[in-house]
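The structure appears right after this line, and notes come after that.
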Ligand code: SF4
Ligand code: SF4
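Numbering (the numbering used here), first residue to last: 19 to 155.
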């Protein structure tokens with residue numbers, strides 16, 4: 019099913035994820051290893067600080083897995099703390115969008131359209147024209 023998926027780049031799925039994108043420890047490690055500070059700067063974390071013994075908020079770029087246990091989902095935030103749509107979604111013409119970090123996507127984005135068996139999530143039929151198309155076949 020995943021192999022039949024031909025994204026039309028309408029951007030609907032990314033716009034739907036407004037403020038709700040969760041980031042995994044693996045995402046953080048991948049971005050740090052690839053020196054993607056531009057991404058890590060957009061990530062706000064609530065972690066348990068092992069030295070201080072309390073939960074604290076930190077930026078993704080300051081995460082240290084030896085000191086900080088991630089406590090909750092991470093959202094895209096503006097520097098002033100306001101939530102916004104994903105900052106890596108770019109409109110390239112009237113109807114097309116592109117993801118500026120497609121080469122190193124969050125796990126949440128990779129798995130967004132499919133269940134664990136690789137079957138498109140029919141609940142997204144209203145959002146995604148490709149899920150709609152494949153679900154009909
Ligand atoms: S990271 Fe890319 S795929 Fe994920 S929500 Fe943002 S623009 Fe969409
Ligand atoms: S909603 Fe579907 S077709 Fe549109 S950008 Fe997202 S994955 Fe691609």
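For glycine and all other residues, C-beta sits at the position ideal for the given N, C-alpha and C.
Does the Cβ of residue i lie closer than 6 Å to at least one heavy atom of ligand 2?
i           : result
residue 26  : yes
residue 29  : yes
residue 148 : yes
DSSP three-state label for residue i, please.
i           : result
residue 103 : coil
residue 148 : helix
residue 89  : coil
residue 117 : strand
residue 27  : coil
Rounded C-beta distance between residue i and residue j? I'm assuming under 8 Å.
i           : j           : result
residue 111 : residue 83  : Actually they are not in contact, since the Cβ atoms of residue 111 and residue 83 sit about 41 Å apart, beyond 8 Å.
residue 138 : residue 145 : Wrong, their Cβ atoms sit about 11 Å apart, outside the cutoff.
residue 117 : residue 32  : 7 Å
residue 105 : residue 39  : Rounded, the Cβ-Cβ distance is 11 Å, inconsistent with contact.
Spatial neighbours of residue i within its chain, please: C-beta separation below 8 Å, excluding the five flanking residues on both sides.
i          : result
residue 72 : 66
residue 26 : 147 and 148
Given that a residue counts as buried once 16 or more other Cβ atoms are within 10 Å of its Cβ, and exposed if not, what is residue i?
i           : result
residue 122 : exposed
residue 136 : exposed
residue 22  : exposed
residue 62  : buried
residue 89  : exposed
Does the distance between the C-beta of residue i and the nearest non-hydrogen atom of ligand 1 fall short of 6 Å?
i           : result
residue 90  : no
residue 106 : yes
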